[in-house]
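**Student:** For this note's numbering, count along the sequence shown from 1 and bump the result up by 26.
Here a beta-carbon is modelled for each residue, glycine too, at the ideal position from N, C-alpha and C.
My structure is below; once you've seen it, I'll send some questions.
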Amino acid sequence: MPEGDRPNLRWYTVRAHHPESSTIDVDIVTHGDSGPGSAWAMNAKAGDRAGYRSGGALYRGHECDGPMLIVADETALPAVAAIIEQHPDFVDRSTIHVEVTDRAALTAYDFGRAAVHVHVRGDVAPGTSVLPALRDAQLGDLAYAWVCGEAGMVTEVRRHLVKSVGLDRRNVLFSGYWKLGQERG
Numbered sequence: 027m028p029e030g031d032r033p034n035l036r037w038y039t040v041r042a043h044h045p046e047s048s049t050i051d052v053d054i055v056t057h058g059d060s061g062p063g064s065a066w067a068m069n070a071k072a073g074d075r076a077g078y079r080s081g082g083a084l085y086r087g088h089e090c091d092g093p094m095l096i097v098a099d100e101t102a103l104p105a106v107a108a109i110i111e112q113h114p115d116f117v118d119r120s121t122i123h124v125e126v127t128d129r130a131a132l133t134a135y136d137f138g139r140a141a142v143h144v145h146v147r148g149d150v151a152p153g154t155s156v157l158p159a160l161r162d163a164q165l166g167d168l169a170y171a172w173v174c175g176e177a178g179m180v181t182e183v184r185r186h187l188v189k190s191v192g193l194d195r196r197n198v199l200f201s202g203y204w205k206l207g208q209e210r211g
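Listed below in structure tokens is the structure:
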């Protein structure tokens with residue numbers, strides 16, 4: 027496909043599917059309007075066309091039997107909510123930590139009976155609030171971890187889980203959804 031015709035691709039979690047109207051709901055966190063994804067989200071209007079390609083979910087917690095850890099920032103909240111909705115039986119053996127700039131980021135989500143530890147970082151760097159909490163937590167019996175959000179935070183959390191907690195790296199699913207200070211081209 028010629029470069030000029032190639033669409034800007036972004037990855038989002040489908041929050042709801044409405045087959046009767048052939049529509050889906052997608053939650054989008056914007057970081058200003060300079061990146062292609064944020065610019066599109068800030069300017070999209072009802073009726074605008076958007077492409078969709080299913081890439082599958084990144085959650086493999088159903089493959090383990092022991093305690094699980096979920097760590098996310100505000101960009102991964104839709105995925106956390108989807109995990110809880112699709113796997114409600116996992117909630118009782120999961121510890122969930124979310125780091126947000128402001129509690130207002132949580133208002134669109136119902137996490138049901140899940141115990142969600144909220145870490146408000148304000149305007150400081152991602153990971154500033156959640157990393158100390160994870161270092162202080164008793165996580166030695168973890169079987170699986172799902173860590174998604176800002177790339178630097180994700181890297182530091184994964185490093186802590188593997189090197190300090192002793193979790194097998196193959197049991198840590200991680201994805202940097204965005205990188206502080208960089209637009210995704």
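#1: Between P114 and the ligand NAD, is there a pair consisting of the residue's CB and a ligand heavy atom that are separated by less than 8 Å?
#2: Which of the three DSSP states, helix, strand or coil, is assigned to I54?
#3: Tell me whether M68 is buried or exposed, calling it buried when 16 or more other Cβ atoms sit within 10 Å of its Cβ.
#4: Using the three-state DSSP reduction, which class does V150 fall into: helix, strand or coil?
#5: Can you look up F200 in the DSSP assignment and give me helix, strand or coil?
#6: Of all the options E89, A169, L160, which has the alpha carbon lying nearest to the alpha carbon of V185?
#7: Considering only the beta carbon of each residue, do G153 and T127 sit closer than 9 Å?
#8: So for D99, helix, strand or coil by DSSP?
#9: In whole angstroms, what is the alpha-carbon distance linking A70 and D53?
#10: Within this structure, are the beta carbons of E182 and K205 separated by less than 9 Å?
#11: So what does DSSP say about E125, is it helix, strand or coil?
#12: Hey, A163 and T121: beta-carbon distance below 9 Å or not?
#13: Beta-carbon within less than 8 Å of A42's beta-carbon, same chain only, minus the 5 sequence neighbours each way: which residues are those?
#14: Determine the contact status of L199 and L165, defining contact as a CB-CB distance below 9 Å.
#15: Could you check if S155 is buried or exposed, using at least 16 other CB atoms within 10 Å of its CB as the buried criterion?
#16: Taking the alpha helix (DSSP H) that R41 belongs to, which residues open and close that run?
#17: Alpha carbon to alpha carbon, how far is Q112 from T133? Give it in angstroms, no decimals.
#18: Can you find a C-beta in chain B that's less than 9 Å from the C-beta of C174?
#19: Taking the alpha carbon of A107 as the reference point, which residue from S64, W172, Q208 has its own alpha carbon closest?
#20: Just confirm the distance between the C-beta atoms of A130 and T39, as a whole number of angstroms; I'd bet it's less than 8 Å.
**Tutor:** The answer reads as follows:
#1: Among the ligands in the structure shown, none appear at all, so the ligand NAD cannot be discussed.
#2: coil
#3: exposed
#4: coil
#5: Reduced to three states, the DSSP call for F200 is strand.
#6: The amino acid occupying residue 185 in the given sequence is Arg; Val does not appear at that position. Considering only alpha carbons, the answer is L160.
#7: no
#8: In this structure, D99 counts as strand in the three-state DSSP scheme.
#9: 13 Å
#10: no
#11: strand
#12: yes
#13: I50, D51
#14: no
#15: buried
#16: Run containing R41: none in the alpha helix (DSSP H); it sits in the beta strand (DSSP E), 40 to 44.
#17: 20 Å
#18: The question asks about chain B, but that chain is absent: this structure has only one protein chain.
#19: W172
#20: Not a contact, Cβ separation roughly 19 Å.
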